[in-house]
Amino acid sequence: MLKTYNLDQILDIDNRNHSLDVYKSFLIQAPAGSGKTELLVNRILSLLTIVNTPEEILAITFTKKAASEMHERIIFKLNQAASQYDSSNLAFKVLQRSKILNWDLLNNTSKLSIKTFDAFCVDILSKLQIYFESNFHIKITNYPDKYYVQVANSILNMIDQKASIRKLLLHIDLNLSLFKHHIIYMLKTRDQWISLIKNGYKKNLLKSSFIKSIELDLCFIKHNICDMDIKVKEAITSAANYLKNNVNNPLENFINWNGEFKTTINDLPFWKSFAFLILTEANKIRSASGVNKKLGFPSDSLHKSIFVEWLKKIDKNSPWIFRLILIRDILENNFHFNKTDYLDYQFEVLKIAIQKLKFYFQKYGEIDFIEIEELTYSYLKNLFNKKNSNNNIFIKKYLNISHILIDEFQDTSHNQLNLLETLTLEWKVNDKKTLFLVGDPNQSIYKFRNADVSIFSYVKNNGINKIKLIHLKLNLNFRSNKFLIEWINNCFKKLMPNNDSTLGQFLYEKSISYKEYGDNNHVKFLPNIIKNNNTLENTQSENIVINLIRKIIKSKQRNNSTVLLVRSRNHVLNLIKRFDKENIPYQAIDIIPLNSKAVISDLLQIIKAILHPSDRLAWLSLLRSPFCGLSLNTLHKLFGIYDDLSIPYIMKFIVLKGDWFFIQNDNNLLKMCICDINKIEIETYCQCQSQGILLDEYLRIKHIANAMIKNEFSYNSFTYELMKIWNQLGGQYAYFNDTTQDVQNFFQIIDETTTDNNIDIDLIEEQIKNSYSSIIKKNNNEFYIEIMTIHKSKGLEFDNVILYDIHKTSINDREPLFRFDKNYYDNLTLFSSIKSIDDKYQNPIFLYLKKRDEIKYQYELNRLVYVACTRSKNSIYFIGNIYYDKNNKIKKPNKKSFLYILWESLEHYQYFLDDNNYYKIDDKYEDNSYISRFSIESIKYLMQKNEDIFFKNNNIFMNENLFNIEIDSITHKWLHIIEQNPEMWNILKIESLYQNIQKDLIRSNIFSANDLDNNTCLITKIMSNTINNKYWKQLLTNFKFLNNISFLHHTGKLIKIDILLYKENNELLIINYHITHFIEKLDLKSLQKEIDKKNKSEFFDYYKVVKELYKQYSVKFAIFIPTFNIWIKL
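Under the working numbering, read the sequence shown as residues 59 to 1188, first letter to last.
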């Protein structure tokens, strides 16, 4: 249900109304809770009242969820307007225009173009493919790292051929792992530096850019130094002259100072003196006690009192202080440019990396998100730059966009800005085309996804191409209550006191609450007091959360939404276990690391055991896992005596010899017997244990051996073999929790990270490490708490927010080997040479960019806290540890923690829960949940199952529909190959492809051995029927056609046309294959009825898209069923 507000109470209503001027372009700065989605919806409705077609409007979001919400809101308003006559209503006006121009918008909602950046790129490429009769690979991989790793390995294999690779490796002390990480990192972020590869770089230009960047820093400091009047400058000069006779006078540059701040590179010594004057060695602003005689300020001097008063006015969070620290640190590290030779080697290696990556993309028919944006940008640029009749027609038809709206503009990347600039390249000032960009730079928290918040400021000051944007600010908050807003304003005004647009800080603009209620009980800091190195500090923090939640449950707030936010997933893992123990209902989405699940650990050990038979740890882990469960005693007897023998080697003897088995090791021979405890006297049990193993234990070993050793790999698909082993072991029955989804995710990762059956266990472990599982433990109609990271909560709102473990920091990725920075604001690109392992010398650009990144990190940390705090509508609770030292004084929090950032704003809001309001919880608890091993009866049952029947009937991952889909996909692939040159194909040539087709079936991972021959025969039969069909061959031989065409349906689904054929008399024929999977006698009438029903709606969608592209053609549709050589015309 959409909310309605009293317009008289909307204090920024003038700006909101101004933003609906459909002939002007705007950059809207909309803070959290200000109703930006509603503003975007109203802007779209306003534009719909003036455009000739809805397709002239393009709205771009960053998530499918945001696009869907915007689309739903527009449809809701249109439906509402359709039932209520109100000529002043925007939506009603849109319906009137829709009726006049025959849009029929309510029945054709696909005309509303609201898409993510990625969907827009796919759509453009699809249209280019159809129009220019060419093919693009537009399948986006979910795991691009597999290609980055292949590139890195490929480059390392070229070490003998390329001197540049050898030089770089020597520079980092032949650290191959570090080199691979470096290549992977660079490919992940290539959108930020690839222009340097394309355009080339010059050392002199790089040096001049570096100097210009430093001089801009000095200018920034100069223009932002707070209130330094002539008296303060004279006080500094007096201090310098007081030390005039000192041999090493640190203020020497101020002796004859005229009060002017110069900002050239030659003035750096002056700025070093200035930094020394106001900063301590720890880069803190000097206190009054630090301004002393040694610094040139005697205790009773007038110039001291003047200088100290000025120091007190300096805000420690002032951006100019951060810039001064940056300059000072650079000066302390041997500032020079004399080593840039490694940049030549570096750029040569990166060129090779780009070439290799494109090769692998082409080879496997997949691309990543960066590549699809690069492709779109490249083709669009060529369209606009190389004008000809075809290009002009395409631009007019498919890029006839007059109005572009972008949500969350603060999260725009360099590639996305390039796209936007290209789309608006030919827009003119007065041609009534508009941009509408909405965002909040103080909510930019996605730098790790290549978002660059400085783009917001760049566009604010420079516009886009010839389009200048009016900058409007919203300040009314519809989400949070009055007191919360006041607290947030006071807190973040201190944290964001000034603009530093280049590095990503924006002056905080205070918000005004639409809600009048609120009191000082809505912000609470619940500290966990830690004294004397308390070892139970984590348990105590958990107790505070649980007690707080129980208090919420008992209060009137139990029906309100409550979320627990964490900075890092690791911070909440133990707490979730406590929730399980205390029966706290919760929903944790994408929180639990997949690699922390026991089932995933066991699956990884199976892979390691398969790949490396000598990996004793993997095999021992497998033998101790739930589906085997050997006792430690048995493990020691069998595998502890000869540790130089591989475990599979020993197990072969056990399986082959039956009741007796032998382990042979060079000259030693060990003979052991197998005992059946049920057939011997109890008193002889100990004796049997000393000379053999129990029969039950033997059966457990045999169960593993049958699956892992006797079962030879007869297929090309590693994923298929792994799934088969998993099912033979009974893996799906071994775990007491429902692990089906986790196992499915695991096999998907294995399949998508494996190319040509090359198994990279490090890559698999890395992908699993970065994948997460969800847990939902709640009952319907009951209170539950949501658990998520702050990044995940972006765009959401809750009644109560609990910010947990604010004293902790997050673990950053390892430092990159080199750094780069593309600064749109100042039009500078900096690129450092590769970092040396030897710390005696580091490139000054590297050090400079490192310090800049540290400032950017601190700014983004402030924004992350802001996002967390502004999720709350009613109450926010902060929970974190406060540590006391031996003198019972509070220790300062870690500088990189939220508690440090919020300390001044929370110290007066400490709150301790009343013991009477909640249940007591023991400080110590034990987690008694465990996974039990299979019973021996289960082992016997599993061993008796037929391998293929078990796999086919009990496989939890497959279904009949999936088999048909795979057969369809493989058949279509081969039919499209045939279509390229029908005359070349005959029956013998198709029969020669038998093994190739079978390999395709194997790679799909889902067919058992019995299915392979039948389905291979089916596909070859279909191919043979196709080439022998006279009508099919006549059409493809005599007429021009396109095949395997992809386009984006309005629902977001990618739809393909098999053949689009140009016939005479301006007629187009759409041909789609219908693959029937059964060879038995066919009821043609029933089949035609089924196809008519299934394909008519689909044909209508195809018709609309193709008709839009080729308005001069009539369009017909036909189905070809090659299994039976039947044509059906619709």
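The beta carbon of each residue, even a glycine, is placed where N, CA and C say it ideally should be.
Bear in mind that the values here come from a model prediction, so they are computed numbers and not experimental data.
Closest Cα partner of residue i within the set the options
| i | options | result |
| --- | --- | --- |
| Ile241 | Gln154, Gln802, Arg877, Cys1075 | Arg877 |
| Glu1037 | Asn1087, Tyr1052, Asp1069 | Asn1087 |
| Asn1102 | Ile1085, Thr1078, Tyr1089, Ile1128 | Ile1128 |
| Asp285 | Lys225, Asn262, Phe365 | Phe365 |
| Ala792 | Leu527, Leu534, Leu1000, Leu69 | Leu1000 |
| Ile459 | Glu484, Ser436, Leu475 | Glu484 |
| Asn110 | Trp1032, Asp558, Ile817, Lys157 | Lys157 |
| Trp1032 | Ala926, Thr482, Phe583, Pro1180 | Pro1180 |
| Tyr437 | Leu688, Asn449, Phe427 | Asn449 |
| Asn523 | His239, Lys540, Lys486, Asn547 | Lys486 |
Secondary structure of residue i, DSSP reduced to three states
| i | result |
| --- | --- |
| Trp1185 | strand |
| Leu98 | helix |
| Val511 | coil |
| Asp373 | coil |
| His1191 | An answer regarding residue 1191 cannot be provided, because it is not within the stretch 59 to 1188 covered by the chain. |
| Phe84 | strand |
| Thr1074 | helix |
| Asp218 | coil |
| His76 | helix |
| Ser502 | coil |
| Asn519 | helix |
| Asn476 | helix |
| Glu595 | helix |
| Ser202 | Correcting the residue identity first, residue 202 is Pro in this sequence and not Ser. In this structure, Pro202 counts as coil in the three-state DSSP scheme. |
| Ser996 | helix |
| Glu567 | coil |
| Leu1100 | strand |
| Met554 | coil |
| Ile940 | strand |
| Asp489 | coil |
| Tyr400 | helix |
| Leu1051 | coil |
| Ile913 | helix |
| Thr887 | strand |
| His1107 | Residue confidence is low: His1107 scores 49 on pLDDT, short of 50, so the model does not pin down where it sits. Its coordinate-derived value is still stated next. In this structure, His1107 counts as coil in the three-state DSSP scheme. |
| Leu561 | coil |
| Val1173 | strand |
| Tyr906 | helix |
| Lys835 | strand |
| Lys1029 | Per the sequence presented here, residue 1029 reads as Thr, with Lys not at that position. In this structure, Thr1029 counts as helix in the three-state DSSP scheme. |
| Asp1069 | helix |
Inter-residue CB distance, residue i and residue j (contact presumed, cutoff 8 Å)
| i | j | result |
| --- | --- | --- |
| Val511 | Pro499 | 5 Å |
| His694 | Ile997 | Incorrect: roughly 21 Å between the Cβ atoms, too far for contact. |
| Ile1048 | Ser1082 | 5 Å |
| Lys173 | Ile118 | 6 Å |
| Phe1192 | Ile864 | Nothing about residue 1192 can be read from this structure; the chain reaches only from 59 to 1188. |
Counterpart residues of residue i in DSSP-defined beta bridges
| i | result |
| --- | --- |
| Lys954 | The partner list for Lys954 (beta bridge, DSSP) is empty, contrary to what the question assumes. |
| His529 | Leu85 |
| Pro1040 | Answer is none; Pro1040 lacks a bridge partner. |
| Ser930 | Phe856 |
| Lys455 | Lys455 is not bridged to any residue. |
| Asn535 | Ser571 |
| Ala765 | For Ala765, which the question treats as bridged, DSSP gives no partner whatsoever. |
| Ile588 | Tyr941 |
| Tyr1131 | Phe1178 |
| Asn881 | Leu886 |
Self-check item: Ordered list of alpha helix (DSSP H) runs contained in the segment 257-310, each at least 4 residues
Solution: With a minimum length of 4 residues, the continuous alpha helix (DSSP H) runs that stay inside the segment 257-310 are 261-282, 288-300.
Practice problem: Please list the segments of the beta strand (DSSP E) lying wholly inside the segment 108-192, counting only runs of 3 or more residues, in order along the chain. | Solution: 115-119, 171-174
Quiz item: Where are the alpha helix (DSSP H) runs, 4 residues long or more, that stay fully inside the segment 658-700, in chain order?
Solution: List check, alpha helix (DSSP H) in window: 674-682, 690-697.
Exercise. Please list the segments of the beta strand (DSSP E) lying wholly inside the segment 784-832, counting only runs of 3 or more residues, in order along the chain.
Key: none
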